[in-house]
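Chemist:
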Amino acid sequence: MKVIPIKGTIVSNSDKWLYDWLEWEATAPKDIVLPENGEPIEVHINSGGGDVYAGSEIYTALRSYPGDVTVKIVGIAASAASVIAMAGDTVEISPTAQIMIHNVSTQVNGDHNTLLHEAGVLEGFNKSIASAYVHKTGKALDDLLALMNKTTWFDAESALNHGFVDKIMFTNEVAPTLVASETPMIPSDFIEKMRSAMTPDIDKIAELVADKLEAKLPDIQIEKEAFENSEFVQKKFNLPESPENSTNKAVPKGFGLFMF
Numbered sequence: 120m121k122v123i124p125i126k127g128t129i130v131s132n133s134d135k136w137l138y139d140w141l142e143w144e145a146t147a148p149k150d151i152v153l154p155e156n157g158e159p160i161e162v163h164i165n166s167g168g169g170d171v172y173a174g175s176e177i178y179t180a181l182r183s184y185p186g187d188v189t190v191k192i193v194g195i196a197a198s199a200a201s202v203i204a205m206a207g208d209t210v211e212i213s214p215t216a217q218i219m220i221h222n223v224s225t226q227v228n229g230d231h232n233t234l235l236h237e238a239g240v241l242e243g244f245n246k247s248i249a250s251a252y253v254h255k256t257g258k259a260l261d262d263l264l265a266l267m268n269k270t271t272w273f274d275a276e277s278a279l280n281h282g283f284v285d286k287i288m289f290t291n292e293v294a295p296t297l298v299a300s301e302t303p304m305i306p307s308d309f310i311e312k313m314r315s316a317m318t319p320d321i322d323k324i325a326e327l328v329a330d331k332l333e334a335k336l337p338d339i340q341i342e343k344e345a346f347e348n349s350e351f352v353q354k355k356f357n358l359p360e361s362p363e364n365s366t367n368k369a370v371p372k373g374f375g376l377f378m379f
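Residues in the sequence shown are numbered from 120 upward in steps of one, following the numbering used here.
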């Protein structure tokens with residue numbers, strides 16, 4: 120399985136050269152090289168975020184990938200990196216990792232008209248980013264915007280409880296099933312318990328069958344001898360006459376004749 124690391128600052132393709140020259144860890148959209156055969160991939164994230172446009176491009180590429188995408192948050196997935204994390208078909212988080220979501224920010228110079236315009240742009244970006252969280256968590260847009268507005272950090276357990284991840288790595292803790300239905304649904308954990316309880320123990324079944332056969336062997340032997348001594352078998356296979364074969368006793372009939 121191919122592993123795609125997303126580490127360091129999320130930057131644009133045009134800025135990546137500077138980070139490389141400085142030997143600073145960074146990830147640009149061009150670094151996300153996806154297999155052409157659609158094989159399953161793992162994306163390992165440890166990033167504090169960065170450029171919104173670059174993050175959106177990476178998120179879109181992963182969401183569009185035809186194969187299965189497993190995202191593993193191994194350190195931090197903050198800001199733009201948290202958006203990328205939402206692209207996974209399955210999202211896992213290390214018990215020691217965290218997710219952070221907050222409002223989009225920028226730097227701008229100009230008069231009040233420019234600043235008011237930029238404020239509207241930032242609000243629009245917040246909604247665009249929140250849509251990735253909505254798709255993953257099932258939460259309402261306004262609720263997520265409120266969480267972003269106050270800069271919210273999620274440890275592994277709270278990320279699981281809020282639906283940002285599907286599983287905590289190295290544990291059996293998985294996210295609860297989110298239901299949008301008026302009809303009742305059986306909880307997934309109950310189904311798993313029932314499946315485990317109903318899985319047959321082959322060795323135990325074999326042991327019980329062996330015990331039953333051993334107990335029935337005397338009866339089976341008697342029925343076998345009666346069958347061999349029957350008039351039908353004597354005539355069919357021309358068995359030699361014997362005192363045992365010449366008996367006129369009735370041949371047992373029924374299920375015992377078909378035992379094998």
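Just so it is clear, CB atoms sit at the ideal spot from N, CA and C, and this is done for glycine as well.
Just mark T270 as buried or exposed, buried being the case when its beta carbon has 16 or more other beta carbons within 10 Å.
Modeler: Exposed is the call here.
Chemist: Residue range of the alpha helix (DSSP H) that V171 falls in?
Modeler: Where V171 is concerned, the enclosing alpha helix (DSSP H) stretches over V171 to S183.
Chemist: For N245, which residues in the same chain have their Cβ closer than 7 Å to its Cβ, ignoring the five residues on either side in sequence?
Modeler: The residues are N222, V223, L264 and M267.
Chemist: Could you check which residue in G207, H254, I220 and W143 has the C-alpha nearest to that of K191?
Modeler: With distances taken between Cα atoms, K191 lies closest to G207.
Chemist: Figure out for me which residue from D134, T256, V284 and V188 has the closest Cα to the Cα of Q217.
Modeler: Closest by alpha carbon: V284.
Chemist: Pull up the CB-CB distance for I164 and A196, whole angstroms please, since I reckon it's below 8 Å.
Modeler: Right, the Cβ-Cβ distance comes to about 5 Å (below 8 Å), so this counts as a contact.
Chemist: Where DSSP assigns a beta bridge to F273, which residues make up the other side?
Modeler: I218, per the DSSP bridge assignment.
Chemist: Which residue marks the beginning of the alpha helix (DSSP H) containing G186, and which one marks its end?
Modeler: Unbroken run through G186: none, as it is neither H nor E.
Chemist: Could you tell me the alpha carbon to alpha carbon distance between A299 and K258, rounded to whole angstroms?
Modeler: Here A299 scores only 41 on pLDDT, less than 50, and its place in the model should not be relied on; the value that follows carries that caveat. Approximately 12 Å, taken between the alpha carbons.
Chemist: Measuring alpha carbon to alpha carbon, tell me which residue in A145, D261 and E158 is nearest A173.
Modeler: Of the candidates A145, D261 and E158, the one whose C-alpha sits nearest the C-alpha of A173 is A145.
Chemist: Return yes when the Cβ of T225 is within less than 8 Å of the Cβ of L241, no when it is not.
Modeler: In this structure, T225 lies closer than 8 Å to L241 by Cβ.
Chemist: Note down the Cα distance separating S247 from A325, rounded to an integer number of angstroms.
Modeler: Computed Cα separation, rounded: 60 Å.
Chemist: I'd like to know if N280 contacts chain B, where contact means its C-beta is closer than 8 Å to some C-beta of that chain.
Modeler: Within the model displayed, chain B is absent; a lone protein chain is all it includes.
Chemist: Residue range of the alpha helix (DSSP H) that E237 falls in?
Modeler: Element bounds for E237: H231 to T256.
Chemist: Put M267 into one of helix, strand or coil per three-state DSSP.
Modeler: In the structure shown, M267 sits in a helix (DSSP, three-state: H, G or I).
Chemist: Out of curiosity, what's the CA-to-CA distance linking Y178 and V162?
Modeler: Going by the C-alpha atoms only, they are around 11 Å apart.
Chemist: Please say whether S166 and K126 have beta carbons closer to each other than 8 Å?
Modeler: Closer than 8 Å, so yes.
Chemist: Measure the alpha-carbon distance for I212 versus V122 and round it to whole angstroms.
Modeler: When rounded, the distance between both Cα atoms is 16 Å.
Chemist: Cα separation between M288 and S250?
Modeler: Cα to Cα, M288 sits roughly 25 Å from S250.
Chemist: Could you name the residues of the same chain whose beta carbon sits closer than 8 Å to that of P148, not counting the 5 residues immediately before and after it, in chain order?
Modeler: S131, N132, A173, E176, I177 and A180, listed in sequence order.
Chemist: For T215, does the count of other Cβ atoms within 10 angstroms reach 16, so buried, or fall short, so exposed?
Modeler: The residue in question, T215, is exposed, as its Cβ has fewer than 16 Cβ neighbours within 10 Å.
Chemist: Would you decide whether T128 is buried or exposed? Buried here means 16 or more other CB atoms lie within 10 Å of its CB.
Modeler: T128 is buried by the Cβ-count criterion.
Chemist: For A278 and K323, what's the separation of their Cα atoms in angstroms?
Modeler: Answer to the nearest angstrom: the Cα atoms are 42 Å apart.
Chemist: Could you give the DSSP three-state label for P148: helix, strand or coil?
Modeler: In this structure, P148 counts as helix in the three-state DSSP scheme.
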